[in-house]
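**Student:** Before I ask anything, here is the structure I am working with.
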């Protein structure tokens, strides 16, 4: 199975940032003033999909980046996956109005299952992905700050039973740390659910990418990469950078 590499654009205060373990309070570093420009760069480098994380939305400011997200969607003309505090049917509606192809929901699945069902029933399994953020085999929610006492396999199995077709699985302690991917976690979710899984967290170089590719037969069909791409940790990016030099002059 071919593995789809999905560049991540993390947005806070209208800028592209890198966070420590996906938690801004642990550290937040700027990469690029313009997320739209970053999206266009990834598209020029042949990205087939882009993953956008709205940290303002995660913190409750769900509308502040809607215009920016809409600009990204209309400019890159490839699917955009969005996550950023979608907790209600109205917030899901607003997200899809910007043009995103699918949304990732997480906290609402545990905190308000009835509202999650509304979102899932309206938009369906092709447009709604369930994010499972994990710290030491425990699902965490609310911006990865609150423990739930729930094992990720138990949650995934339950949701697969109601029709969820894709999970975005993140080992939080490896996210943005370049410490190697927890492939066993993603593989476990794929195998217990027999659904598609997007891996996130820990990929630092081509060797790590090959490790994720090794589990692609289990149902892990895609991987989100952020920091390693921004820091040019893949040899082929040197060629891309030369080509990019005049794009935005």
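Residue numbers (our numbering): 64 to 312.
The beta carbon of each residue, even a glycine, is placed where N, CA and C say it ideally should be.
From a predicted model like this one, the values you see are computed outputs, not experimental measurements.
1) By DSSP, does residue 227 sit in helix, in strand, or in coil?
2) Just checking, does the stretch 93–108 make contact with the stretch 232–246 on the three C-beta pairs under 8 Å criterion?
3) Alpha carbon to alpha carbon, how far is residue 280 from residue 260?
4) How long is the line joining the alpha carbons of residue 237 and residue 138, rounded to whole angstroms?
5) Are there any heavy atoms of the ligand NAD lying less than 7 Å away from the beta-carbon of residue 167, as far as the coordinates show?
6) Nearest CA to the CA of residue 152: which residue from 196, 130, 125 and 98?
7) Roughly how many angstroms separate the alpha carbons of residue 225 and residue 202, rounded to a whole number?
8) Specify, as a first and last residue, the run of the beta strand (DSSP E) that residue 196 falls within.
9) Leaving aside the five residues before and after residue 268 along the sequence, list all residues of the same chain whose C-beta is less than 6 Å from its C-beta, in chain order.
10) I'd like the list of long-range same chain contacts for residue 266, defined as Cβ closer than 7 Å, with 5 residues on each side in sequence excluded.
11) Is residue 147 closer than 8 Å to residue 116 when the C-beta atoms are compared?
12) Kindly indicate the opening and closing residues of the beta strand (DSSP E) around residue 113.
13) Between 248, 123 and 70, which has its C-alpha nearest residue 205's C-alpha?
14) How many whole angstroms separate the CB atoms of residue 234 and residue 197, which I take to be in contact at a CB cut-off of 8 Å?
15) State the Cα-Cα distance for the pair residue 222 and residue 71, rounded to the nearest angstrom.
16) Which same chain residues end up closer than 6 Å to residue 190 when comparing Cβ atoms and leaving out the 5 residues on each side of it in sequence?
**Tutor:** With the given structure in hand:
1) Residue state, collapsed to three classes: coil.
2) A contact between stretches requires three or more CB pairs, one per stretch, nearer than 8 Å, and the stretch 93–108 fails this requirement with the stretch 232–246.
3) 11 Å
4) Their backbone Cα atoms lie some 31 Å apart in a straight line.
5) The ligand content of the structure shown is nil, which means the ligand NAD is not present either.
6) Nearest of 196, 130, 125 and 98 to residue 152, Cα basis: 125.
7) 19 Å
8) 191–198
9) 296
10) 244, 272, 275, 286, 288 and 291
11) yes
12) 113–117
13) 123
14) 6 Å
15) Looking at the two C-alpha atoms, the distance is approximately 25 Å.
16) Apart from sequence neighbours up to five positions away, the residues of its chain that approach residue 190 with a beta-carbon distance below 6 Å are 165, ordered along the chain.
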